[in-house]
Amino acid sequence: MKFIIEHLEPELCEWCLIEYEHISKIVDKNNLIFTNIKNKKNIEKFKKYGAVYRKGIAELNFNNICALSQYSKKTLTTKDKNKFQYFVFGGILGDNPAKKKKPWQEADAY
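If you want it as structure tokens, here you go:
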């Protein structure tokens, strides 16, 4: 099981880096993927905590994805962990008020 963070911030602020470091420790660096890393100067910072892709998740060919969404009508359970290869966190820090997910994320959202 891998965890994907779609980085949605225009820059890499110190608070984001702290959050990313924390989740990397929880799920293990080898299980964490960062996507949508546009700024070349930040790639090395991200690599400390997981794999890095410059493209956004919609441009990559990941299969068996579960997008975690507060708007989903489904509740994720421990039984679901074997259904998916990837769990996606879109903008780990979130927006206030929260934005709805993109259509590709709604298919298997929990």
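Just add 1006 to the spot in the sequence shown (first one is 1) and you have our numbering. Don't be surprised by glycine CBs; every beta carbon is placed ideally from N, CA and C. All of these numbers come straight from a predicted model, not from anything done at the bench.
Give the secondary structure of residue i by DSSP, where H, G and I count as helix, E and B as strand, and everything else as coil.
{"i": "Cys1022", "result": "helix"}
{"i": "Pro1109", "result": "Confidence at Pro1109 is low in this model, with a pLDDT of 48, below 50, so its placement is unreliable and no value can be given for it."}
{"i": "Ile1063", "result": "helix"}
{"i": "Glu1015", "result": "coil"}
For the alpha helix (DSSP H) holding residue i, just list the boundary residues, first then last.
{"i": "Phe1052", "result": "1049–1053"}
Let me check understanding here. Comparing Cα to Cα, which of the options lies closest to residue i?
{"i": "Ile1039", "options": "Lys1046, Lys1054, Lys1079, Asn1088", "result": "Lys1054"}
{"i": "Leu1074", "options": "Lys1044, Cys1022, Phe1090, Ser1030", "result": "Phe1090"}
{"i": "Tyr1092", "options": "Lys1080, Lys1044, Ile1071, Lys1085", "result": "Ile1071"}
{"i": "Ala1064", "options": "Met1007, His1028, Asn1042", "result": "Asn1042"}
Against chain D, with Cβ distances strictly below 7 angstroms, would residue i count as a contact?
{"i": "Ile1071", "result": "Note that chain D does not occur in the displayed structure, where there is just one protein chain."}
Following the continuous beta strand (DSSP E) through residue i, name the residue where it begins and the one where it ends.
{"i": "Glu1012", "result": "1008–1012"}
{"i": "Phe1040", "result": "1038–1041"}
Counting Cβ pairs closer than 8 angstroms, one from the region 1043–1053 and one from the region 1008–1018, do we hit at least three?
-> Output reads yes: the region 1008–1018 touches the region 1043–1053.
Between the region 1028–1044 and the region 1056–1070, do at least 3 Cβ pairs fall closer than 8 angstroms?
-> Touching, yes, given that three or more Cβ pairs across the two stretches are closer than 8 angstroms.
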